[in-house]
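Visitor: Chains as they are written, first to last, in the UniProt record's numbering: chain A, 1 to 248; chain B, 1 to 248; chain C, 1 to 248; chain D, 1 to 248; chain E, 1 to 248; chain F, 1 to 248.
Here it is: the structure, laid out below.
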């Protein structure tokens, strides 16, 4: 089977990952998975949500949105619609959980890192690109905190990246573009740490059920794709061995 | 390891499932998974959302909410807070997807079935109880449509039920209550059809990563729990062989 | 004249009143007036609204809502509509005023009792059923406060219950069901204390004006119906003479 | 007992009622009950709410609001608070019901009269002043409809006015000002037609219960006050005998 | 060219300006520019917005709204629409900036003066009438503050008034009414202090561009109109020489 | 006087203007005025707002927003705050008016061009950069309409660009960056067409009044800056003589 853009079933799209694209944020990254482009910023705030006050622990909170013309058809803004978008809220909850898994919240102390993922252009995989790019912004923000506050080490526990996999015409595919995603019988988003363990798995078969065997094949494919994303993150961040447990 | 309520690791909580608890709705059910109680109603509307008009296809749309004192602490109402609750929106999207997988939307014709899941009391597993109970309300609403409109058969493709599984202290547990859920390292919700294939899998490891092996153990446990729920649905609905593909 | 359900003009519908239906709330009750069913919970909070801070006085605040399919046609949720429902707000203000009249707010101290009345099924009289059921939940919450805080006595001043009366075809009727209520020329809700004095009277004649004589007949009928509700509340609550001024 | 402003217990405050204060509205009036001032406009719209389309019947819909500094302390605007005010919604529902009782909705045809009552200054009795003034605006709008559309007669059934009465220190008082209203044990708003029959009665005893005898005394007092308001409306409107059933 | 109402090109409409029209506000004024009527109140609050706390400086904040039937067609209320009106927000920001320019915010101390401008009837020029009338309410509120708090002098820096000018059929006109404003090629609002210097200039040519020469002619015309408004403000306020720098 | 970044008083910041940065929009541009960066897209919709239906005329509607971390401090999203931002609404109204002045709305026909200006990074002048960049996106969208619909010519009347000017320390400055803007006594935004005529002038002197002479100096400076922006737009768009009246 030939994919729309000629890729093999297990190939990622062309990747771009650029650090420091925003001059104000404590950490920032621009990431592209093919035509999907996301701006990620990390903002440090010296307080935590009410439920953590006095706990000594920190927090990571994420927001996700799309520019109106990130999509083929223009999408009205949430502020015009007067209410948040359910899909966006679901995605930002996923981003937040995934990045909290990466951070040592105790070592972070009573601080919040706000992650903003704004989709400039959408061609499938915006949530996985967001997680992968936001991790880079997050690490730079953690370095900023470490240096400003004299922390003994980076409050980082894991390296986190994400990719989508799916079944299209019965065939497992890695990193679906929008057109593939629209036609897929099964769509699965996988968030994984540097040691191959999972942070989150979301598999959905609205148009078709999926068997355990198919699902296993998808997870294998995801693992391979995420390994490449982990390598890209590490080289972009220029991580030193002292900065953590991060080993491939 | 002893569970809080003395169950074995692979036991469901006491189940209750009652059809027809609402005198107005085209289908309704009250379900209890232990102390978790949900009222499910199915409402038939003779129109579809804009994107389906003229397509000949139907739709299933779900809404989920909790009564303010369903929880240990009183939760303010969404209408008081002035905005929908992100967690609730995520859950109702899951319920909607899961039940659409059960229905033959072409055979349904241009009709919408609205599913309302209102949690009367919450003790963990409200989303899985909602899906399991809502399936019963849905089938009665589909019967109502079939009988009113002389459809040749029930527009049903699959039988759908759901359960939660998780790792607590490294141990896989079936059907977590609130206290177990709060302490679990990994939480996974599984929606499955009558033939053992998956509709949806959502595995989350915010406090801990999880290995492929643990995840496999969780899926095995879920399969076993859902089989029991499928049996309960079938007997409650008194499904006749003519009503469908439903066989265990 | 025969009523729809065969009752005599001065008969209440079959009543059900069950205490303690919610395992988390400090007080709770499920009440049914015929097919009308309401869940009432009372939640104790150790603070008061801003206008009472430092006053030493407590408060009772009520919220009222209907499940979407409590009604013949499904009603969209307030949170979906994005704004509170005017009818519901009017009713919850009435419930709040009525229950505050029952409580000794000075003796209560700086605490708020939140009353939630959620209509599971609606067949007329939801506001009067709510007040009557909520009183039971309230008393159990006051007992909880008394026992927890060593109050010398129950901070209760009055026993409060409510019923609807109306004119249909010129005939006064007690406890109208939905079909009667829709056709009634005059609709009146009466809230009364144990000594026959009024807490609130709301008489409305949108489709017809009403004379002083008719109104007097309605108030007589209401008094008789409320006396029966007072007896039911007392036996359900198992009120002891020491608990208050409550005598028939 | 002397009242704050020296009135006798059964005296209204100085009344002002001016027709045609707005140059655009189909009907308008400015009314003052002492320091309480309300602007009332009536707007004619050639359509009806969805539930009346095709019925041949018309509708009257009311909105009520206060300017921010109508009150002793400035009140934030609803649009700033982002949600409608529950008290205002309750009042506008009362105004709407009261004026619909005045109109022959069949004869009105499929038109809506929008009533806007905006309180310029508030010193108690704003809802009763609103109803009394809005009736004048309404009649002018009905005349406008009659003349524009060649209706055979004014689609008017009743003359409607309203006043507040209350018990203060056990004494029945007519037309309470803000200070009296704040201290009253019982507050009652009465809407009455030209023949002495009631449109609406709302009696509330939050701080004290009230007996049947006290309530009877309040209704007597209200009747006397409303008769004076009816006379003022008639002379202001310069009603001709042909315009209706209106006789004192 | 003859204007609709017979005015010469450089004539203001008949002006009315009345102080103290509201009995509760610390300052108030009713202003009319022809058929345009605005109620302006000034409310003193003993705190400032968060960004000024601890600064020793005060603030002036303005809100602007129209009654629903201020206009030829009834305009739905913001609270009904559920969101603030963009035009209204733009105008209230202009009013706020203009009046802050008039006040010595340091001398005011940590207090906020809230300005409310409510348009009773609109016939063009509502924002300029609002600014001109609100200045009068503001000065009375500043006098109230001075007298209550023993300030050495009125915390006033400038006298501020505003007028609209525009090009209609190529002709510069002063103080446009609604019909002129609708047809104008260019519309310009000018806010000016007592010494002829500008506070704000907003010139808009949506239907036609405008040259520097035309714009100069408009500013000349505005200056002349504002001088008359300054005189009216001074006589209405009965300003004494000791009260400030205000000289024509 | 030396400016912060070493520019002379009449120098623009380094400009970047890139066409076609979005692969879905009918027109798009990325513009930078120094560190200020804005993404502008133009979307074509084949319908018009209600007030233009059947008129044969088209419309241009603009929306403006900032990414949360476009600013030094993170700004919460409008959708999180639950209400649109007043400053943003004012700016998008300005952008809409300015671009409508550029278009021949009759020749456009019943179509709407939606302009979205999203600020990626803000360092002063976001509204003027938005107008200048959006013009480029708009022209490409008009070309798309012309080519798709066989219009005889481009429905364009004027070339529009904008710049800010201000007084800082009494000195007129062109194209203020954020730090200059914060300190400026007077801030003025000027929108101008290719022939030197004005589309819009907004001059504000909150912290200081401004004389006619200063204002004249600001307008002169703006004219010179806008001429450079016009040249950049023309070369970026590669406008041919046949495409319009555009000549410098």
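The C-beta atom is built at its ideal place from N, Cα and C for all residues, glycine as well.
Can you tell me whether residue 166 of chain A is helix, strand or coil according to DSSP?
Guide: Taken through DSSP and simplified to helix, strand or coil, residue 166 of chain A comes out as strand.
Visitor: Please tell me whether residue 176 of chain C and residue 168 of chain C are closer than 9 angstroms, where the distance is taken between their beta carbons.
Guide: Yes.
Visitor: Would you give the residue range spanned by the alpha helix (DSSP H) that residue 139 of chain D belongs to?
Guide: 126-149
Visitor: Please classify residue 205 of chain D as buried or exposed, where buried requires at least 16 neighbouring CB atoms within 10 angstroms.
Guide: buried
Visitor: What number of angstroms, rounded off, separates the C-alpha of residue 234 of chain F from the C-alpha of residue 51 of chain D?
Guide: Spanning the two alpha carbons is a distance of roughly 57 angstroms.
Visitor: Using a Cβ cut-off of 7 angstroms, which residues of the region 90-102 of chain A contact any Cβ in chain B, in chain order?
Guide: 90, 93, 97, 100, 101
Visitor: Which residue from A:31, A:13, A:89 puts its Cα closest to that of residue 20 of chain A?
Guide: A:31
Visitor: Put residue 110 of chain A into one of helix, strand or coil per three-state DSSP.
Guide: coil
Visitor: For residue 135 of chain C and residue 161 of chain C, which I take to be in contact (beta-carbon distance under 8 angstroms), what is that distance rounded to the nearest angstrom?
Guide: 6 angstroms
Visitor: With distances taken between CB atoms, is the gap from residue 133 of chain C to residue 222 of chain C smaller than 9 angstroms?
Guide: Contact check for residue 133 of chain C against residue 222 of chain C fails: the beta carbons are separated by 9 angstroms or more.
Visitor: Say whether the region 140-156 of chain A touches the region 81-92 of chain A, bearing in mind that this needs 3 or more beta-carbon pairs closer than 8 angstroms, one atom from each stretch.
Guide: no
Visitor: Looking only at its own chain, which residues have a Cβ that is under 8 angstroms from the Cβ of residue 74 of chain E, when we skip the five neighbours before and after it?
Guide: 68
Visitor: Just to check my reading of the structure: residue 130 of chain B and residue 64 of chain B have Cβ atoms closer than 8 angstroms, yes? What is that Cβ distance to the nearest angstrom?
Guide: 6 angstroms
Visitor: For residue 62 of chain B, which residues in the same chain have their Cβ closer than 6 angstroms to its Cβ, ignoring the five residues on either side in sequence?
Guide: 92, 95, 96, 115
Visitor: Comparing the C-beta of residue 120 of chain B with each C-beta of chain C, is any distance below 9 angstroms?
Guide: yes
Visitor: DSSP state of residue 9 of chain C, grouped into three classes?
Guide: coil
Visitor: Suppose the cutoff is 7 angstroms on Cβ atoms and the five residues either side in sequence are ignored; what does the same chain contact list for residue 45 of chain B look like?
Guide: 111, 112, 114
Visitor: For my contact list, residue 39 of chain D and residue 232 of chain D are in at a C-beta cut-off of 8 angstroms; report their separation, rounded to the angstrom.
Guide: Actually they are not in contact, since the Cβ atoms of residue 39 of chain D and residue 232 of chain D sit about 17 angstroms apart, beyond 8 angstroms.
Visitor: Whole-angstrom Cβ separation of residue 228 of chain B and residue 137 of chain B, contact assumed at under 8 angstroms?
Guide: Between residue 137 of chain B and residue 228 of chain B the Cβ distance is about 20 angstroms, and since that is not below 8 angstroms, they are no contact.
Visitor: Label residue 170 of chain D either buried or exposed according to how many other C-beta atoms from any shown protein chain fall within 10 Å of its C-beta, with 16 as the threshold for buried.
Guide: exposed
Visitor: For residue 113 of chain C, would you say it is in contact with chain D, using Cβ-to-Cβ distances shorter than 9 angstroms as the test?
Guide: no
Visitor: For residue 159 of chain E, would you say it is in contact with chain F, using Cβ-to-Cβ distances shorter than 9 angstroms as the test?
Guide: no
Visitor: When you check each C-beta in the region 193-210 of chain B against every C-beta of chain A, which residues fall closer than 9 angstroms?
Guide: 193, 195, 196, 197, 198, 199, 200, 201, 202, 203, 204, 205, 206, 207, 208, 209, 210
Visitor: Examine chain C for any beta-carbon lying closer than 9 angstroms to the beta-carbon of residue 219 of chain D, and answer yes or no.
Guide: Chain C places a beta carbon closer than 9 angstroms to that of residue 219 of chain D, counting this residue as a contact.
Visitor: Does any C-beta atom of chain F lie closer than 9 angstroms to the C-beta of residue 84 of chain E?
Guide: Yes, residue 84 of chain E lies at the interface with chain F (some Cβ there is under 9 angstroms from its Cβ).
Visitor: Using only the alpha-carbon positions, how far apart do residue 23 of chain A and residue 126 of chain C sit?
Guide: 59 angstroms
Visitor: List the residues of chain B whose Cβ lies closer than 8 angstroms to the Cβ of residue 5 of chain C, in chain order.
Guide: Neighbours of residue 5 of chain C on chain B: none; closest Cβ ~13 angstroms, over 8 angstroms.
Visitor: Per DSSP, what kind of secondary structure is residue 248 of chain F in: helix, strand or coil?
Guide: Model confidence at residue 248 of chain F stands at a pLDDT of 47, short of 50, so the residue's coordinates are unreliable and nothing is read from them.
Visitor: Does the beta carbon of residue 33 of chain C sit closer than 9 angstroms to a beta carbon anywhere in chain D?
Guide: Under the 9 angstroms criterion on CB atoms, residue 33 of chain C is classed as non-interfacial with respect to chain D.
Visitor: Look at the alpha carbon of residue 182 of chain A and the alpha carbon of residue 60 of chain A, and state the distance between them as a whole number of angstroms.
Guide: 31 angstroms
Visitor: Starting from the C-beta of residue 77 of chain A, find all residues in its chain whose C-beta is less than 7 angstroms away, skip the five residues before and the five after it, and write them out in chain order.
Guide: 68
Visitor: Which chain A residues sit within Cβ distance under 8 angstroms of residue 249 of chain B?
Guide: Nothing about residue 249 of chain B can be reported from this structure: the residues present for chain B run from 1 to 248 only.
Visitor: According to DSSP, which residues form a beta bridge with residue 172 of chain E?
Guide: E:167
Visitor: Give the residues of chain B in contact with residue 215 of chain A, contact being defined as C-beta atoms less than 8 angstroms apart.
Guide: 198, 201
Visitor: In whole angstroms, what is the alpha-carbon distance linking residue 226 of chain F and residue 49 of chain B?
Guide: Their backbone Cα atoms lie some 49 angstroms apart in a straight line.
Visitor: Note down, in chain order, every chain H residue with its Cβ under 8 angstroms from the Cβ of residue 63 of chain C.
Guide: Any reference to chain H falls outside this structure, whose protein chains are A, B, C, D, E and F.
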